[in-house]
């Protein structure tokens, strides 16, 4: 597999009011290859979301280098990186426009990365395609194409966010605890859908999760972050040997280090 994204010695330092620097990412080295599905684990404050923010450009890094397909993108703004990076957030409200209908949100996602022109929306032309797409989710979303997104349930809205983000097949998909705000049944259904879409579309994906079962079940790599560093980077074979008990032991060691 070819290298898609490379982080070299990426560091993020935030200056506090007390003039003491807080290192959020500490010289992170990470190579993401095409087709990777990487689950990312770590306690609160481990640097997981900051890692994603550094990749998307929503937070500039203090030092280090980020390259996409060998091209330096460290100083690229977020909107430029959005052409090849898609992200689904933990909060279902963040990925959709609440006053626009499901159909309008999907049309907006379909035009992602294109130049804006004053042209007819062509909702009717895309209606059947959008209906079939929503029907594939299995939660009745296809019956709400004319419903403002703000009126949907959390599970439906998060499913729509996933559909929108993957509609134009981003080169890199970032899932930022995208099932965490949902009830267990809805979360399981969305995670099954997520895995199906990643496999069918052959997407490259990083997924932050606090659900250790999901970290073991999905993906071909598992990363454990601690204090802004990548402490473990396990391949498929190494990951397959892990049990839930092993992961709990790793987290207990992390907690013990934090209290020293």
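In my numbering, the protein residues as written are 88 to 347. C-beta: ideal position from N, C-alpha, C; glycine also. Source: prediction; values computed, not measured.
| Rounded straight-line distance, which links the Cα of residue 281 to that of residue 270 | By one-based count along the chain shown, residue 270 stands at place 183. By one-based count along the chain shown, residue 281 stands at place 194. Roughly 16 Å between the two C-alpha positions.
| request: Could you tell me if residue 244 is buried or exposed, where buried requires 16 or more neighbouring beta carbons within 10 angstroms of its beta carbon? | output: For the purposes of this step, residue 244 is taken as residue 157 along the chain shown, with counting starting at 1. Buried, by the Cβ-count rule.
| request: Measure the C-alpha to C-alpha separation of residue 112 and residue 120 and round it to an integer number of angstroms. | output: Along the chain shown, read from residue 1 onward, the residue named residue 112 stands at position 25. Along the chain shown, read from residue 1 onward, the residue named residue 120 stands at position 33. The alpha-carbon atoms of residue 112 and residue 120 are separated by roughly 21 Å.
| request: Look up residue 152 in the DSSP assignment and give the residues it is bridged to. | output: Here residue 152 refers to the residue found at position 65 when the chain shown is read from its first residue. According to DSSP, residue 152 bridges with 95.
| request: Entirely within the segment 117–143 and at least 4 residues each: give me those alpha helix (DSSP H) ranges in chain order. | output: 135–143
| query | Does residue 171 get closer than 7 Å to chain B when you measure Cβ to Cβ? | reply | No chain B is present in this structure, which holds just one protein chain.
| query | alpha helix (DSSP H) containing residue 241: first to last residue? | reply | Within the chain shown, the letter at position 154 stands for residue 241. Start and end: 241–253.
| request: Would you mind working out which of 167, 116, 125 sits nearest residue 152, comparing C-alpha positions? | output: Position 65 of the chain shown, counted from the start, is the residue given in the question as residue 152. Of the listed residues, the one whose Cα sits closest to residue 152 is 116.
| With a Cβ-Cβ cutoff of 7 Å, do residue 169 and residue 254 count as a contact? | Here residue 169 corresponds to residue number 82 of the chain shown, with the count starting at 1. Here residue 254 corresponds to residue number 167 of the chain shown, with the count starting at 1. Taking 7 Å as the Cβ cut-off, residue 169 and residue 254 do not qualify as a contacting pair.
| task | Write down the C-beta distance between residue 122 and residue 88 rounded to the nearest angstrom, noting that I regard them as a contact closer than 8 Å. | result | Position 35 of the chain shown, counted from the first residue, corresponds to residue 122. Position 1 of the chain shown, counted from the first residue, corresponds to residue 88. The C-beta distance from residue 122 to residue 88 rounds to 5 Å, short enough to meet the 8 Å contact threshold.
| message | At the level of alpha carbons, what is the spacing between residue 275 and residue 259? | response | Here the question's residue 275 lines up with position 188 in the chain shown. Here the question's residue 259 lines up with position 172 in the chain shown. Cα-Cα distance, rounded: 23 Å.
| request: Identify, in the order they occur along the chain, each residue of the same chain with its Cβ nearer than 7 Å to the Cβ of residue 335, setting aside the five sequence neighbours on each side. | output: For the purposes of this step, residue 335 is taken as residue 248 along the chain shown, with counting starting at 1. Around residue 335: no qualifying Cβ.
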